[in-house]
Every structure is written in structure tokens, then in C-alpha cells.
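Everything on this sheet refers to the single structure shown next.
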Amino acid sequence: MEIIDMSFCSYNHNMNTICKFWAVGQCKKGEACEYRHSWGSNGFQELASLPKTLTKVPRKLQIDEVSWFPPPQNFIKINTDGAAKGRSNEASCGGVFRDCNGTILGAFSSFLGNKTSLEAELYGVIKAINIACANHWHCVWLEVDSILTLSMIANNKTDVPITIREEWLKTLQQIQTMNLIYSHIYREGNQVADLLANHGFFSRDEFSWFSEAPNFIIKEALRDINGPVRYRVKA
Numbered sequence: 001m002e003i004i005d006m007s008f009c010s011y012n013h014n015m016n017t018i019c020k021f022w023a024v025g026q027c028k029k030g031e032a033c034e035y036r037h038s039w040g041s042n043g044f045q046e047l048a049s050l051p052k053t054l055t056k057v058p059r060k061l062q063i064d065e066v067s068w069f070p071p072p073q074n075f076i077k078i079n080t081d082g083a084a085k086g087r088s089n090e091a092s093c094g095g096v097f098r099d100c101n102g103t104i105l106g107a108f109s110s111f112l113g114n115k116t117s118l119e120a121e122l123y124g125v126i127k128a129i130n131i132a133c134a135n136h137w138h139c140v141w142l143e144v145d146s147i148l149t150l151s152m153i154a155n156n157k158t159d160v161p162i163t164i165r166e167e168w169l170k171t172l173q174q175i176q177t178m179n180l181i182y183s184h185i186y187r188e189g190n191q192v193a194d195l196l197a198n199h200g201f202f203s204r205d206e207f208s209w210f211s212e213a214p215n216f217i218i219k220e221a222l223r224d225i226n227g228p229v230r231y232r233v234k235a
């Protein structure tokens, strides 16, 4: 969307001029400014006098609903996330396990140290699959917000950074033993996993396991189940 420069004008309501904010749909004064919400006899000249930055028309926004869905009965749904922050590329990951009712069965967060964003995303999957196997959860729906990570799972790709290759190959083998569904979700719908990854980053704990939902994810976890839906806005 174009950035609209509003700094040239304040709300100095002069009876002899139109509201320049109203002219481009940006007036927030409502009834207090209503008497200026019409074109005078010199309306076209007034419009032409507006700064070019103000009269640019924003591109149409695309607004999509983003919803989290529970897994089928007898399946466990895993949402994971990973990220690297700052110039030092310090990274973390997190994940959450839920049943068909949206009940949280467990969650984890992990500080990874110096890693790339891709390594962080893959480590989130690696740790989640290890936990699923340890708990004998073999019917799994894995959902991530990284299209690249999803592609690597779907295509059984082994071309990953050397620092993570051995663990990733083991994960791919584990996946072969599972009844696995995988899908992509936009970041807006992956908020619980995002919060867990952030917790790992700021706590600096190498690994934390939560057998019950920690307080900092409860609000977003309930929103996943009960709404309201989230929205993704794209110019």
C-alpha cells in the first residue's frame, strides 16, 4: 500500500475550505467536521491543490480468514514454529500437541543458539516428531507456517545444512513409520507455536516441556477453538 503523507495538514477547521482528510477518505473527526465534507464551487481546484502523496489511491487489499482446525478423531495435531532473530541469528523453536477437541496434550520450547531460520524451522519439526514417537502418537497431523519446510517434508528432501543433516534424516525415517498428514498454515493461524518459539528465545532454556498449557499460550489456544477468526491482510 502507498504511504500517505498526512503531515502537511492539521485539523484546523476553516469554513472556507474542504476537509483535505475527508477528500481522500481519511477524516476521523466525524460530525465535528461534517460541514466540510462536501465539495465547494472550487472543489476540483481544491482537489488539484492537494499534495500528490495524499491523492495516491492505495492498492486493493486482500483480506483472508485464517482459522486453525482440530485434527480428526484418533489423530494428534502438531503445530511448530522456528525463527532466528537479530544479526547474530540466535534462534529458537516451539511446538504444541492437541487432540480432536483442541485439548493441549503438551507443548515445548527450545533455545537453539546460533542457527538460521531454516534450521530453526526444521529443528521444530525434528523435536516434535521425536516427542510424538516417544509418546507412541503415530497418527499425526503436522502443520507449519513455512512453505519451504513443508516442501522438504513432502518431497523427502535430504539436502539440508550439514549441522542438522543427521537429525533430519532420522526424522524423515520416523515419518515413514507414521500415518502422517501435513499442511501449511499462515503465521496468523500459528500463534500458539509462535508464542512457544518466542518463549524459547527469551527464556534461553535449551529445552522446556509443558505437560499442561502454560499461561502465556492459553488465550491464543482458546481463540483457535472458539474464535474469533484471525485475518491475513496483504496488499
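full-length UniProt numbering applies: residue 1 is where the sequence shown begins, and numbers increase by one. In this text, a Cβ means the ideal position worked out from N, Cα and C, and glycines have one as well. All values reported here derive from a predicted model rather than from experimental measurement.
| said: Using CA atoms only, rank isn't needed, just tell me which of Asp205, Asp194, Phe201 and Ala84 is closest to Val96. | reply: Asp194
| task | Please check the pair Ser92 and Ala134, which I expect to be a contact at CB under 8 Å, by giving their CB distance rounded to whole angstroms. | result | About 21 Å separates the two Cβ atoms, so there is no contact after all.
| message | Which of the three DSSP states is assigned to Arg187 in this structure? | response | helix
| message | Rounded to whole angstroms, what is the Cα-Cα separation between Glu90 and Ala84? | response | 5 Å
| Own chain residues within Cβ distance below 6 Å of Ser67, not counting five before or after | Val229
| field | Whole-angstrom distance between Ala235 and Ile107, CA atom to CA atom | value | Contrary to the premise, residue 107 reads as Ala rather than Ile in this sequence. Their backbone Cα atoms lie some 34 Å apart in a straight line.
| task | Select from Arg232, Arg59, Ile76 and Tyr123 the residue whose C-alpha is nearest the C-alpha of Phe207. | result | Tyr123
| query | Since Phe111 contacts Phe201 with CB under 8 Å, what's their CB separation in whole angstroms? | reply | 6 Å
| How would you call Thr103, buried or exposed, if buried means at least 16 neighbouring beta carbons within 10 angstroms? | exposed
| Whose C-alpha, out of Asp205, Pro70, Asn114 and Leu196, is nearest the C-alpha of Ser88? | Asn114
| request: To the nearest angstrom, report how far apart Ser117 and Ser146 are at their CA atoms. | output: 10 Å
| Alpha carbon to alpha carbon, how far is Ala154 from Arg187? | 19 Å
| Residues that DSSP places opposite Leu142 in a beta bridge | Ile78 and Tyr182
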